[in-house]
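Heads up: the structure comes next, in structure tokens.
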Amino acid sequence: MLSRFFYNSSSMACETFLYGGCLGNGNNFYSEKECLQACRTEGERGEHRGGATARDVPLLRHQRESERAACRLPIAQGPCQKPVTRWAFDAAQGKCIMFSYGGCKGNGNQFYSEKECKEYCGAPPLAGTPTLPAPCPHHTALRWGSQAGWGSVGTSGGDSSQAGDASERRVAGRLGGCRDPDTK
Numbered sequence: 001m002l003s004r005f006f007y008n009s010s011s012m013a014c015e016t017f018l019y020g021g022c023l024g025n026g027n028n029f030y031s032e033k034e035c036l037q038a039c040r041t042e043g044e045r046g047e048h049r050g051g052a053t054a055r056d057v058p059l060l061r062h063q064r065e066s067e068r069a070a071c072r073l074p075i076a077q078g079p080c081q082k083p084v085t086r087w088a089f090d091a092a093q094g095k096c097i098m099f100s101y102g103g104c105k106g107n108g109n110q111f112y113s114e115k116e117c118k119e120y121c122g123a124p125p126l127a128g129t130p131t132l133p134a135p136c137p138h139h140t141a142l143r144w145g146s147q148a149g150w151g152s153v154g155t156s157g158g159d160s161s162q163a164g165d166a167s168e169r170r171v172a173g174r175l176g177g178c179r180d181p182d183t184k
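Structure (structure tokens):
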């Protein structure tokens with residue numbers, strides 16, 4: 001098993017998972033930085049940024065406001081005790097500030113540099129609710145795990161219309177973007 005990173009659209013953060021080496025999808029990155037760059041920044045259409053391109057990751061196709069939803073998240077230090085310096089956008093102040101990240105379980109509002117934070121979040125602070133992601137690509141089956149509380153990628157390979165009953169298909173269709181791996 002290989003330790004990799006995936007973008008969790010619920011927490012808007014990159015998290016680790018164990019990858020067996022077969023099948024998989026585009027939401028599979030060697031490093032947290034690669035994951036964040038691919039799933040959190042837009043870049044030029046088709047520009048290679050060390051992971052997926054803007055054409056490969058549906059999350060990157062949204063309006064700029066919904067892509068910057070991470071900038072509205074609170075600054076989260078996380079519970080771990082391995083502090084590293086990061087930058088986050090403080091929506092109340094309308095600017096990027098330095099903070100100490102504990103090393104785990106933060107959220108998408110964390111950047112490696114002030115420059116990255118400013119380029120991504122800018123100013124003034126964003127308002128409103130982000131729009132929902134586009135439907136999943138035709139080759140990805142998503143399943144709704146009521147116990148897990150989020151949609152997960154199925155291994156059967158079909159499209160979202162094969163992901164259970166009608167309510168499950170609606171949820172799967174809304175998830176889109178950088179998807180969570182199947183935990184079953």
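Per the UniProt record's numbering, residue 1 is the first one in the sequence shown, and the count goes up by one each step.
By construction, the Cβ of each residue, glycine as well, lies at the ideal position given by its N, Cα and C atoms.
Check whether the Cβ atoms of Ala-13 and Gly-108 sit closer than 9 Å, and answer yes or no. yes
Glu-116 classed as buried or exposed, judged by whether at least 16 other C-beta atoms fall within 10 angstroms: buried
Met-1 versus Glu-32: straight-line alpha-carbon distance, rounded: 17 Å
Give the secondary structure of Ala-76 by DSSP, where H, G and I count as helix, E and B as strand, and everything else as coil. coil
Once you ignore the five residues that flank Gly-78 on each side, which residues in its own chain have a CB closer than 7 Å to its CB? Tyr-101, Gly-102, Gly-103, Cys-104, Lys-105, Gly-106
On the three-state DSSP scale, how would you describe Ala-13? strand
Collapsed DSSP secondary structure at Leu-18 in the structure displayed: strand
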